[in-house]
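>
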Amino acid sequence: VAVYKHFVCLCILNGGQGGQVLSALQAQDTQCVIQAQPVARSILWTRTPTHLQGEDICREKVDMIILFPAEEFLLMVHRHKENPCGGWSNEILNKAVTDGTKTPSLVIMEMDNYFRCVWVKMSHKSRKRQPEAGILRDSKSRKRERKPSLEALPLLTRKEVEEMIDFQLLVGFRVRFVETWKEFADFVCMFNKAVAEAPDKIQRNNSSKYSFYIDGEWAGGARVERCGKGLLEVWKRQIQQFNRVSVEIANAVVAAYPSPHALIQAYNYCDTESQRHNLLSNILVRRGEGVTSTSRHIGKEISKRIYLQLTSLDPELLLEFT
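Take 1 as the starting number for the sequence shown in full-length UniProt numbering and just add one per residue.
#1: Looking at the structure shown, is Cys117 part of a helix, part of a strand, or coil, going by DSSP?
#2: Taking the CB atoms as reference points, tell me whether Val195 and Val77 lie closer together than 8 Å.
#3: Please report the distance separating the alpha-carbon of Val253 from that of Arg296.
#4: If you reduce the DSSP assignment to three classes, tell me which class Asp271 lands in.
#5: Helix or strand or just coil, what does DSSP make of Lys229?
#6: Going by the DSSP bridge assignment, what does Ile92 pair with across the sheet?
#7: Any idea if Asp138 is buried or exposed, counting beta-carbon neighbours within 10 angstroms, 16 or more meaning buried?
#8: Using 8 Å for Cβ pairs, my map puts Pro38 next to Met64. What's the rounded Cβ distance?
#9: Could you have a look at Phe242 and say whether DSSP puts it in helix, strand or coil?
#10: Determine, using beta-carbon pairs with one atom in the region 9-26 and one in the region 172-179, whether at least three such pairs fall under 8 Å.
#11: Just mark Cys189 as buried or exposed, buried being the case when its beta carbon has 16 or more other beta carbons within 10 Å.
#12: According to DSSP, simplified to helix, strand and coil, what is Leu13?
#13: Run through DSSP, which three-state label would Ile34 get?
#14: Should Gln26 and Asn192 be called a contact, given that it needs their Cβ atoms to be closer than 8 Å?
#15: Can you tell me which of the three DSSP states Ile283 falls into?
#16: Along the alpha helix (DSSP H) that carries Arg305, what are the first and last residues, could you check?
#17: Establish whether the CB of Val8 and some CB of chain B are separated by less than 8 Å.
#18: DSSP beta-bridge partners for Phe68?
#19: Buried or exposed for Ala262, please, with buried defined as at least 16 other CB atoms from any protein chain shown within 10 angstroms of its CB.
#20: By how many angstroms is the C-alpha of Leu93 removed from the C-alpha of Glu233?
#21: Can you check whether the CB of Phe184 is closer than 8 Å to the CB of Met111?
#22: Which residue's Cα is closest to the Cα of Asn113: Val107, Leu106, Ala70?
#23: Under 7 Å Cβ to Cβ from Arg276, same chain only, skipping five residues before and after it: list those, please.
#24: Please report how far the alpha carbon of Glu145 lies from the alpha carbon of Val245, in whole angstroms.
#25: Which partner residues of Val177 appear in the DSSP bridge assignment?
#26: Flag Thr30 as yes when its Cβ comes closer than 7 Å to any non-hydrogen atom of the ligand GTP, and as no otherwise.
#27: With which residues is Thr294 paired in a DSSP beta bridge?
#28: Helix, strand or coil for Gln28 per DSSP?
#29: Which of the three DSSP states is assigned to Gly19 in this structure?
In structure tokens form, the structure reads like this:
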């Protein structure tokens with residue numbers, strides 16, 4: 001058993017609406033220590049075994065989120081674009097690497113705002129010739145040499161910024177883009193939940209030598225009574241046997257079509273083969289609860305595979321290659 005502590009850098013609380021982040025963490029009954037950190041604008045997760053509490057030497061740094069300034073991030077991407085062999089040099093990143101945290105995460109804020117500025121400048125440029133295409137500057141920013149605003153930064157496209165696979169692989173940082181402090185607070189809460197659950201998941205995965213083997217409940221099948229109770233569970237498990245079909249997807253399909261007969265009838269009402277293939281594609285699948293919940297559609301691929309499995313007369317049909 002271990003105790004988690006969260007060290008929130010003062011820079012986050014002093015700038016913008018950082019109080020939202022602290023309030024969100026406290027709402028999760030999280031122990032927060034507010035103090036200056038070696039890595040500016042960071043939130044650090046540490047874990048200490050209960051029998052060693054009070055001994056800082058035994059504190060393990062588990063994870064870290066860095067609220068990375070968009071201005072520095074864009075300048076760093078621009079430098080790498082100009083000189084790909086120059087690496088990803090930055091004072092904040094260097095401190096985070098030497099800090100000993102396993103895999104820090106960078107959160108970049110207000111990138112959509114920057115891209116809007118780029119779009120406006122590019123549209124003006126198409127109508128009126130600009131002196132320099134590489135750097136965006138307005139008349140005020142030329143007069144005052146202060147910290148660059150989003151409009152006074154290198155001209156980069158969304159594609160150039162998002163194509164940062166080499167950065168995430170070589171430097172070892174995860175990158176997340178958010179637009180508001182509310183989004184940042186939600187991400188920190190989701191991250192906090194994942195950090196707290198990680199040890200239990202690792203222990204659960206390591207508890208069985210044959211984690212890939214089907215569990216006893218599945219091996220025994222679903223019990224069906226004479227009154228029909230249990231048939232819904234059988235139908236749900238039949239859908240779950242498809243590759244890449246989770247419990248949430250199976251539940252969504254069963255909620256829409258509570259039996260194979262109901263689904264077959266729906267297929268018969270479709271006019272074209274394409275409609276049958278895509279019948280289930282727009283069903284919404286929800287995962288999680290509260291602010292950490294996510295939702296997405298089943299998609300065309302899984303919808304088509306379920307249709308072919310229920311209707312095809314070809315016993316040799318390979319659903320993965322259709």
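C-beta: ideal position from N, C-alpha, C; glycine also.
This is what the structure holds:
#1: In this structure, Cys117 counts as helix in the three-state DSSP scheme.
#2: no
#3: Each residue's Cα considered, the two are about 13 Å apart.
#4: DSSP places Asp271 in coil when its eight states are reduced to three.
#5: Lys229: coil per DSSP, three-state reduction.
#6: For Ile92, which the question treats as bridged, DSSP gives no partner whatsoever.
#7: Legend: pLDDT at Asp138 = 48, less than 50; position of this residue unreliable, value from coordinates given subsequently. Exposed, since its Cβ has fewer than 16 Cβ neighbours within 10 Å.
#8: About 10 Å separates the two Cβ atoms, so there is no contact after all.
#9: coil
#10: Look at the beta carbons and you see the region 9-26 not touching the region 172-179: under three pairs across the two are nearer than 8 Å.
#11: Of the other Cβ atoms in all chains shown, 16 or more fall within 10 Å of the Cβ of Cys189; this residue is therefore buried.
#12: helix
#13: strand
#14: no
#15: coil
#16: Where Arg305 is concerned, the enclosing alpha helix (DSSP H) starts and stops at 300-311.
#17: No chain B is part of this structure, which consists of one protein chain only.
#18: Ile108
#19: exposed
#20: 50 Å
#21: no
#22: Ala70
#23: Tyr267, Cys270, Tyr307
#24: Confidence at Glu145 is low in this model, with a pLDDT of 42, below 50, so the placement of that residue should be treated as unreliable; the coordinate-derived value is given next. Taking C-alpha positions only, Glu145 is separated from Val245 by approximately 55 Å.
#25: Val is not the amino acid found at residue 177; the sequence shown has Phe there. Answer is Ile108.
#26: This structure lacks the ligand GTP, and indeed carries no ligand of any kind.
#27: Arg287
#28: coil
#29: helix
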